[in-house]
Structure formats: C-alpha cells, structure tokens
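Numbering (my numbering), first residue to last: 2 to 368.
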Ligand code: BMA
C-alpha cells in the first residue's frame, strides 16, 4: 500500500510539473482551433465567439419561480425586469439519483426537461449542475460526516455499484432531452463543483487529489460515452482568494477534460474581502484558462438577498473586467434566499441600467 502511495504521489507531482512546464513554455492547447463537428464543439465555438462580444447573463431556475411568485408558467424575473430571457439558464439534477419526481429545490424533473429544451430551442444556452445525495450515508450533498465516500464510489469501492446506477439515472434523464424534431441537445455540465471547500461530500478534506480526479474522470468518461458529443465540461472551484499553480493544479482535471474553467463566487462577507478575493481568483483562473485555450466563466455568483442596491455595477461588474468571461450566473431567486435579477430586488434599477447599456448579453443578444 505504501509503495502505491509513493507511486501515486510521484505521478501527481510529475503531472503538476508537466503542466507547469507547458505553461512556462507558453504552450496553448489547440482545442479552440479544431473545426466544430459535434454539437458540443459547435456550442463551445459559439461561446468562444460570444465571449468576444460580451459577457452573457445566466440565471439558475429562471422559469420556475421568482422572489415573489412560484410555479407559474411563462414567468421569468429576468424577462419581467429586462424584457428578455437570460442568455444562459441553469438547472440542477439533485434528486434524480433517488428517482424523485422533483429535484432538491422542489422543481419537477418533467418541468426541467421541458424548460431546458424550450430555452435551447429559443437559442439559449443551458447548463446543468448536480447536488447528489451522499451515496454512503444517505444524507444530502452537504453531509460530510464520512470522509471515505469518494473512494468508495470508485471501481472496487463499496458504493460503486450504487453510484453506477446513479450515473445511469443522470445519463438517462439527459438523453431524454430532445428537441421537437427529436434531435439531442448540447449543454454545459458542471459536476463536482466548489471542490476546494469542504462542505460537499466530494470536498477538499473529504478526499485526496487522486480520489477527486478519479471520480471526475470516471463520471466524465461515462457521460461522454452515453451522450457522445453533447457535453461541454465546466470545472468550478469556489472563491479561494489566493490561487497559485501549486495550489490550483493538483485538483484541476486538465485542459483535455475541461472546456470552461469556472469560478463560484458569492459575497458572504465584507465588500473589501470579496472584491480583493474574487478579483484575484478571476484574474488567476481566466489567465490560466486562456493560456490553455479554455473559456472562463463566473459559474455561480451573487449577493444573498440582493441587499446592496448597486452590487452589480459597483462590486461585481468591475471584477469581470479583463477576464473575457463568457457568462455570469447568479443563483436562484427563491423568496428566502435570492441572488439574481428581479424587479422585486433592491438591485432592480442598477441591473436594468446595465442591461439597457448592453453591459451584458441577454437572449436576443446571442441569437
Ligand atoms: C444552494 C442553496 C440551496 C439549494 C442548493 C441547490 O446554494 O440555494 O437552497 O438547495 O443551492 O440549488
């Protein structure tokens, strides 16, 4: 066992060293130069071109509920404030693994299927995240009481078979997303996010670098096999504030596996800390992404309950400057905890002014 640990450790160091060497030599992946053929490549090229035009606005769960309404058809806080849908819509698959009819935020999966396809067909971009329950303890994604979960999902682990079934459930749902003329859809998938924190069962203190990366590869390889050419992959650490190559690269899935390097960054604490930490991370990750030929995005962001009226223009948008980010996606507008655009938020006039000045792209801007 000790011998294997030494070998793994050495392999990890060699791989980090090689990535550093490639970066030092100015190596740039040729990923974005290949001509598009699969739907995922077409989506990626489209997003690359759009990132030259501006930063897209995305919103989690936009068509299901807003700050003051819920479960009404054909409503959207974004559309009601800005007159247009978000360019990007985010949906979560947590709960599929237990064959629930609704996801962890009470959204019926049948409705997610419908609205995701609808947004795709109206020319929008869709992104999925997954907050699966803890397959070892039966708790939620936030159950961190057992630090052997990840290793037990891998080949030979006690929950491998159970987890293989969960992966099949997710794949089956995604395969069921078909356009009205029965074509498959392309989408962004952003699993195993915020892995540098330790609040999810796949978090930093809950698994080793190798376990995390093996989980990533096992999941990605399976999904790519089940949905060939449909998935654009995004890996998103949480706000860290002081990334360096030495700290970031050991759990980076690599330029061959990642298309969009994302940053999840909410302002929970002081403005000063947020501005300095998020700016540092956005600069570090966007520069790394662009050197490797990847896209960069603010894959989750926002200020809880929008309690700073000029948050978007004064705090958030300046952080995006110089990052060539392709999108920013505030989390859901749940009445008790909301983040995104809404006429019912104190940020409404600030956000609307930015929209009117075309400081970001909505659906009509990307068609
Ligand atoms: C978190 C919170 C939770 C929610 C989860 C998944 O940030 O919004 O209420 O269940 O995301 O959407």
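No residue lacks a Cβ here, since even glycine has one placed at the ideal position from N, Cα and C.
Given the structure is predicted, the values throughout are model-derived calculations rather than measurements.
request  = Return the residue from the list 262, 260, 261 and 277 that minimises the CA-CA distance to residue 268.
outcome  = Looking up residue 268 in the chain shown gives position 267. Ranking the options by Cα distance to residue 268, first place goes to 277.
Next on the checklist: Check for me: the alpha helix (DSSP H) holding residue 268 runs from which residue to which?
Outcome noted: Position 267 of the chain shown holds residue 268. That residue, residue 268, is in no alpha helix (DSSP H); its beta strand (DSSP E) goes 261–268.
Q: Output the residues surrounding ligand 1, defined as those with a CB atom closer than 7 Å to any ligand heavy atom, in chain order.
A: 61, 93, 95, 105, 106, 132, 332, 333, 335 and 338
**Item:** Residue closest to residue 247, alpha-carbon to alpha-carbon, out of 259, 212, 289 and 367
**Value:** Residue mapping note: residue 247 aligns to position 246 of the chain shown, counting from 1. The residue with the shortest Cα to Cα distance from residue 247 is 289.
Would you report the Cα separation of residue 349 and residue 78, rounded to the nearest angstrom? Numbered from its first residue, the chain shown carries residue 349 at position 348. Numbered from its first residue, the chain shown carries residue 78 at position 77. Using only the alpha carbons, I get a separation of about 10 Å.
For residue 301, the residue or residues it bridges with in DSSP = Here residue 301 is taken as the residue at index 300 of the chain shown, counted from 1. 265.
How would you label residue 62, buried or exposed, when you count the other beta carbons within 10 angstroms and need 16 or more for buried?
-> As a first step, residue 62 is located in the chain shown; it is residue number 61 there, counting from the start. Residue 62 is buried by the Cβ-count criterion.
(message) With the cut-off set at 7 Å, would you say residue 307 and residue 347 are in Cβ contact?
(response) Here residue 307 refers to the residue found at position 306 when the chain shown is read from its first residue. Here residue 347 refers to the residue found at position 346 when the chain shown is read from its first residue. It is a contact, given that the beta carbons lie within the stated cut-off.
**OP:** Measure the alpha-carbon distance for residue 54 versus residue 80 and round it to whole angstroms.
**Re:** For the purposes of this step, residue 54 is taken as the residue at position 53 of the chain shown. For the purposes of this step, residue 80 is taken as the residue at position 79 of the chain shown. So the alpha carbons of these two residues sit roughly 21 Å apart.
Is the separation between the beta-carbon of residue 178 and that of residue 118 shorter than 7 Å? By one-based count along the chain shown, residue 178 stands at place 177. By one-based count along the chain shown, residue 118 stands at place 117. Between residue 178 and residue 118, the CB-CB gap stays under 7 Å.
> Where does residue 343 fall in DSSP's three states?
Replying inline: As a first step, residue 343 must be located in the chain shown, where it is residue number 342. If DSSP states are grouped into helix, strand and coil, residue 343 belongs with coil.
Using a Cβ-Cβ cutoff of less than 8 Å, which residues in the same chain neighbour residue 125 once the five nearest sequence positions on both sides are dropped? To locate residue 125, count along the chain shown from 1; it is residue 124. In the same chain as residue 125, and ignoring 5 residues on each side of it, the C-beta atoms closer than 8 Å to its own belong to 86, 87, 88, 89, 90, 364 and 367, in chain order.
Excluding the five sequence neighbours on either side, which residues of its own chain have a C-beta within less than 6 Å of the C-beta of residue 113, listed in chain order?
Numbered from 1 along the chain shown, position 112 holds the residue referred to as residue 113. Excluding positions up to five away in sequence, the list reads 92.
Answer with buried or exposed for residue 98, where buried requires no fewer than 16 other C-beta atoms within 10 angstroms of its C-beta. The sequence position of residue 98 within the chain shown is 97, counting from 1. Buried, by the Cβ-count rule.
Requested in this report: Using 10 angstroms around the beta-carbon of residue 120, count the other beta-carbons present and answer buried if the total reaches 16, otherwise exposed.
Outcome: Looking up residue 120 in the chain shown gives position 119. Flag for residue 120 reads buried.
**Q.** Of the listed residues 190, 244 and 344, nearest to residue 82 (C-alpha basis)
**A.** Indexing the chain shown from 1 puts residue 82 at position 81. If we check each option's Cα against that of residue 82, 344 comes out closest.
Residue 128, enclosing beta strand (DSSP E) - first and last residue:
On the chain shown, position 127 is the one that residue 128 refers to. That run of the beta strand (DSSP E) goes 126–130.
Buried or exposed (CB count within 10 angstroms, at least 16 for buried), residue 336:
Taking the chain shown and counting its residues from 1, one reaches residue 336 at position 335. So residue 336 ends up on the exposed side.
Coil, strand or helix - residue 178 by DSSP: If you number the chain shown from 1, residue 178 lands on position 177. The answer is coil: DSSP assigns residue 178 none of H, G, I, E or B.
**Message:** Once DSSP output is grouped into helix, strand and coil, what is the label at residue 335?
**Reply:** The residue labelled residue 335 in the question sits at position 334 within the chain shown. Strand.
Based on the DSSP secondary-structure assignment, which residues constitute the bridge partners of residue 222?
-> Here the question's residue 222 lines up with position 221 in the chain shown. None, per the DSSP bridge assignment.
Original post:
Going by beta carbon distance, what residues of the same chain come within less than 7 Å of residue 145, once the five residues before and after it are set aside?
Top reply: Numbered from its first residue, the chain shown carries residue 145 at position 144. Excluding positions up to five away in sequence, the list reads 199, 200, 202, 204 and 207.
From residue 160 to residue 136, what does the alpha carbon distance come to, in whole angstroms? For the purposes of this step, residue 160 is identified with residue 159 of the chain shown, where counting begins at 1. For the purposes of this step, residue 136 is identified with residue 135 of the chain shown, where counting begins at 1. Roughly 7 Å between the two C-alpha positions.
Ordered along the chain, which non-local residues of its own chain (more than five positions away) have a Cβ less than 7 Å from that of residue 232? Residue mapping note: residue 232 aligns to position 231 of the chain shown, counting from 1. Here the set comprises 41, 188, 190, 224 and 225.
Element boundaries [beta strand (DSSP E), containing residue 58]: Walking along the chain shown from the start, residue 58 turns up at place 57. From DSSP, the beta strand (DSSP E) with residue 58 extends over 57–61.
Determine which residues share a DSSP beta bridge with residue 90 and list them. As a working mapping, residue 90 is identified with position 89 in the chain shown. Beta-bridge analysis with DSSP links residue 90 to 60 and 127.
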